[in-house]
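Okay, structure first, notes after.
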Amino acid sequence: MKNMEDGAYRFGEFSLFPSERQLCQNALSIPLPAKAFDAMHLLVRNHGGLVLREELIQALWPDIHVTEANLTNIIVLLRKILGRDAIQTVSKYGYRFTLPVLGEPGVRQATYANFVRGKELAAERSPESIFQARDLFWLCLANDPNFAPAWAWLGRCCRMSEKFKAGPSINLDIAETAFRRALAIDPNLACAHHFYTQLQADLGQALQAMTRLAARLKQHGEEPETFAGLVQVLRFCGLLEESVASHERAIALDPTISTSVAHTYFLQGEYERVFETYFGKRYYLDAAAWAAMGDTDHAIAVLHERLTHPELSPLMFGLMASLLAVLEGKSEEAIAIITQTEVLHEPELLFYLARHLAMLNLAPAAVEMLQRARRAGFSSFRALEQDAAFAEVRNQPGFDDEREEAKNREAHASQTLHETLGCDFLSHGGWPRPKN
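Residue 1 is where the sequence shown starts when you use full-length UniProt numbering, and the numbers rise one by one after that.
Shown next as structure tokens:
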């Protein structure tokens, strides 16, 4: 019997041993043609992620021209062995291995089990589950310091745990170190790029993150994780149409992927689209959308109910409670809540607070908060131009200057994106293909 501990990918009844080029089912060897084994190895190694048809063909037939029928025949063979649903076809793009992988070569079985459990806990997104997941990833790394995905997920948990704390902490420093370590071990680790993007946006580095992801898109071709990351950083740079286009491309590649496009739709004033795309645990955004659409009573009822939840972070409580006070006409209470909400690394949240101040017709305070948001890395010319929440302060001193700053920042980001890609991001058929 093969060593099930260190040398195999494990999924369902199967174990794939790359070093011995062998597939086993319940410890019984299953013969595979060489190219079928190589295709399975590539798909399993990228489990959960899209593998482009071009990448598979280049890996299997590097020196000869073949038709896509050759690849289709191999996929049919693999599905006969693994089951029809083991390999998903992503129409027009490629394939995705969908079976849960419970072990990888070079990683002890117990370590990988902790890793899988940590990801499950992280997906729950509660303070307790995030802290438990973080500890499991630390345990993984204590056993295997070169386990790049564990570094990436540790960074994600540290970033998320920062959002549940009040005041400064070392979580963001640990998160950045963890992401850099993950990418040093595996420069092409898609989840590390995606998670690092979220941290960079929080730290005011959206333009740098956009440039990194655009370069990755040009080098590696279309990846759903890359487009999902671009949804956020393009929005932070004010490029709302490009943000929506990234979301559409991401879900075309992976219908299950989660993006932050609901926030983009909110800035565009497409409030009904917010409800269609705001998934998971709901806190602020849909309530703000209800209010923007004129259904203040419903927004108030939603906020009252959610503010009773004990797991709210201080930042989220301040954002939700200040909107509630604005909607209920409690200006002094809203101002007090905003003043007491300590925002260190949340530029988008600063923009929402500026919006609350504008709804109170407090022009100087709103402009000052908009400046803070922009300097921290977030602006939106379109929202400043069109959002009714800013109607009462648009003609006040300082607002035009801030609107012009947002416009210039957006133009610079657009030029940088075009120069990095070498093509128009929004042009039909203009998506870069990977370099061979």
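No residue lacks a Cβ here, since even glycine has one placed at the ideal position from N, Cα and C. Just so you know, these numbers come straight off a predicted model, no measurement behind them.
- With at least 16 other beta carbons inside 10 angstroms of its own, residue 225 counts as buried.
- Look at residue 155 here: in three-state DSSP terms it is helix.
- Under a 10 Å Cβ-count criterion, residue 28 is classified as exposed, with fewer than 16 other Cβ atoms of the shown protein chains found around its own Cβ.
- Taking 8 Å as the upper bound for CB-CB distance, residue 354 and residue 370 are in contact here, some 5 Å apart.
- For residue 17, the uninterrupted beta strand (DSSP E) segment begins and ends at 14 to 17.
- In the three-state DSSP reduction, residue 118 falls in the helix class (H, G or I).
- With fewer than 16 other Cβ atoms inside 10 Å of its own Cβ, residue 64 counts as exposed.
- The three-state reading of DSSP puts residue 97 in strand, counting E and B together.
- In this structure the stretch 107 to 117 does not touch the stretch 69 to 84; the number of beta carbon pairs closer than 8 Å is below three.
- The residue from 148, 188, 144, 199 with its alpha-carbon nearest to that of residue 160 is 199.
- Excluding sequence positions up to five before and after residue 284, its CB lies within less than 6 Å of the CB of 319, 320, all in the same chain and listed in chain order.
- Annotated three-state conformation of residue 246 is helix, per DSSP.
- When C-beta atoms of the stretch 222 to 240 are compared with those of the stretch 201 to 208, three or more pairs fall below 8 Å, so the two segments count as touching.
- The C-beta distance from residue 148 to residue 202 rounds to 22 Å, too long to fall under 8 Å, and the pair is not in contact.
- Each residue's CA atom was taken as its position, placing residue 223 and residue 50 some 7 Å apart.
- Ranked by Cα distance from residue 30, the options 114, 326, 81, 250 are led by 81.
- Looking from the CA of residue 47, the closest CA among 381, 87, 122, 131 belongs to 87.
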